[in-house]
Amino acid sequence: MVSLNKNYKNIKESYLFSDIASKVAAFSEKNPDVKIIRMGIGDVTRPLCKSVISEMTKGVKEMGEPETFHGYGPEQGYGFIKEPIKEYYKEHGVELLLDEIFISDGAKSDLGNILDLFSGDNTVLIPDPVYPVYVDTNIMDGRKIIFADSNEENGFLPLPDDSIKADLIYICSPNNPTGAVYNREQLKKWVDYANNNGSIILFDAAYEAFISGDYPKSIYEIEGAKTCAIEFCSLSKTAGFTGTRMGYTVVPKNLKAEDMSLNKMWLRRQTTKFNGVSYIVQKGGLGVFTPEGRKQISENIDYYKENAKIITDCMDELGIFYTGGKNSPYVWLKCPENMESWEFFDLLLKKAGVVGTPGSGFGSNGKNFFRLTAFSTRENTVEAMERFKKLVSSL
Ligand code: MLT
Numbered sequence: 003m004v005s006l007n008k009n010y011k012n013i014k015e016s017y018l019f020s021d022i023a024s025k026v027a028a029f030s031e032k033n034p035d036v037k038i039i040r041m042g043i044g045d046v047t048r049p050l051c052k053s054v055i056s057e058m059t060k061g062v063k064e065m066g067e068p069e070t071f072h073g074y075g076p077e078q079g080y081g082f083i084k085e086p087i088k089e090y091y092k093e094h095g096v097e098l099l100l101d102e103i104f105i106s107d108g109a110k111s112d113l114g115n116i117l118d119l120f121s122g123d124n125t126v127l128i129p130d131p132v133y134p135v136y137v138d139t140n141i142m143d144g145r146k147i148i149f150a151d152s153n154e155e156n157g158f159l160p161l162p163d164d165s166i167k168a169d170l171i172y173i174c175s176p177n178n179p180t181g182a183v184y185n186r187e188q189l190k191k192w193v194d195y196a197n198n199n200g201s202i203i204l205f206d207a208a209y210e211a212f213i214s215g216d217y218p219k220s221i222y223e224i225e226g227a228k229t230c231a232i233e234f235c236s237l238s239k240t241a242g243f244t245g246t247r248m249g250y251t252v253v254p255k256n257l258k259a260e261d262m263s264l265n266k267m268w269l270r271r272q273t274t275k276f277n278g279v280s281y282i283v284q285k286g287g288l289g290v291f292t293p294e295g296r297k298q299i300s301e302n303i304d305y306y307k308e309n310a311k312i313i314t315d316c317m318d319e320l321g322i323f324y325t326g327g328k329n330s331p332y333v334w335l336k337c338p339e340n341m342e343s344w345e346f347f348d349l350l351l352k353k354a355g356v357v358g359t360p361g362s363g364f365g366s367n368g369k370n371f372f373r374l375t376a377f378s379t380r381e382n383t384v385e386a387m388e389r390f391k392k393l394v395s396s397l
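Structure below.
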């Protein structure tokens, strides 16, 4: 008889955002007249920019002509998209080789898939709170997880503790859900820790496009990172690709463990288990990196940042503690009246018709916190904050 991966018994029955979606669907069914405003999952609302559509359209046309049709492409992505990504990194002082860049269908998949390279015996260090994918994928593989406390005292930016030995370390900066962002000195501490302990950092840079101050956008801006870190990036939030699917993962050639090259292992893994991102989508990705594309996506990011300001202005007015919103599309706020986060989720949904994400879904340190995203439309963000104010003022 078949034997199953029993580790699945140890994860929550459903993924955080599926859980929220079903709660909202149930509420909506019972209350069809309530106009629900969704500020839960970080899903974008601005359409793809013109430059992306134009390149994608060219790709569609090419696929319809025998001379320009494309079948299987290189599993690690076409050179025409890896070149501009390499140039993008150069702008913040990072030199990459083309074969260190792997085009993916988004950061989430690669963050899970990368674990194929590591044995189940590794101990994993994960900040609490953080993007739930890190925890769930490691539980699925049965790895031992240690949590790094991320809280108000350390500004939601935990630093390495030499008394703790971790083999794999997750860092997300700007952070999901807290919006906190590491500076160079802080990231250098993690890089030094990893190099001294033979650990590998899995650096999630999915929100780097939201950074406006002098913070590192890539971990490779930090000296020593190429011998200890893999970086995951995504066009989802940068360019509205949540439904289109494209990202990239950087695995440096100098990254080795137990005398094996992680770059070679990842290439072997991808060529075996992945057939690459579709030609048309990679063409669309090219539209993100043209000068017009860069201008157009930054207009969209500014739009979301203005939404974030509307949210943080509301929190300031109500005297609610929060982080994020400046270098991140997320605002991480303390639940009013020190409420438990699911309790506040229910209250906000029932009394104001606004959906957010309960902090508990990101870890136990999120128990009394709540996340709102700035990815909604302007109109809905304004309306949601009016409803929020009215509700909180009545408590
Ligand atoms: C989030 O809301 O945390 C993200 O949108 C989830 C994701 O990117 O997969």
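Residue numbering for the sequence shown is 3 to 397, as defined by this note's numbering. Glycine included, every Cβ here is placed at the ideal spot set by N, Cα and C. The structure presented is a predicted model; accordingly, all values stated were derived computationally and were not measured.
Query, Result
"Any non-hydrogen atom of the ligand MLT within 7 Å of residue 200 CB", "no"
"Unbroken stretches of the alpha helix (DSSP H), 4 residues or longer, contained in the region 216-244", "238-241"
"Beta-carbon proximity list for residue 186, same chain, < 6 Å, skipping 5 on both sides", "218"
"The ligand MLT heavy atom lying under 7 Å from the CB of residue 178", "yes"
"For residue 313, three-class secondary structure by DSSP", "helix"
"Proximity test, residue 133 beta-carbon vs the ligand MLT heavy atom, cut-off 7 Å", "yes"
"According to DSSP, residues forming a beta bridge with residue 206", "174, 234"
"8 Å Cβ cutoff met for residue 173 and residue 201", "no"
"Coil, strand or helix - residue 54 by DSSP", "helix"
"Contact the region 147-160 vs the region 91-105: 3+ CB pairs below 8 Å", "no"
"Three-state secondary structure assigned by DSSP to residue 249", "strand"
"Candidates 23, 19, 47, 12: closest to residue 382 by CA position", "47"
"When 183, 194, 180, 181 are compared against residue 163, the one with the closest alpha-carbon", "194"
"Beta-carbon contacts of residue 22 that lie in its chain and below 6 Å, excluding the five residues immediately before and after", "42"
"Residue 44 CB to nearest heavy atom of the ligand MLT below 7 Å", "yes"
"Exposed unless 16 or more other CB atoms sit within 10 angstroms - verdict on residue 132", "buried"
"Residue 318 burial status per 10 Å Cβ neighbour count (16 or more: buried)", "exposed"
"Same chain, Cβ closer than 6 Å to residue 251, five either side skipped, listed in chain order", "104, 106, 112, 234"
"Closest residue to residue 12 among 140, 62, 53, 64 (Cα-Cα distance)", "140"
"CB contact check: residue 202 to chain C, cutoff 8 Å", "You won't find chain C in this structure, because it holds only one protein chain."
"Span separating the alpha-carbon of residue 306 from that of residue 3", "52 Å"
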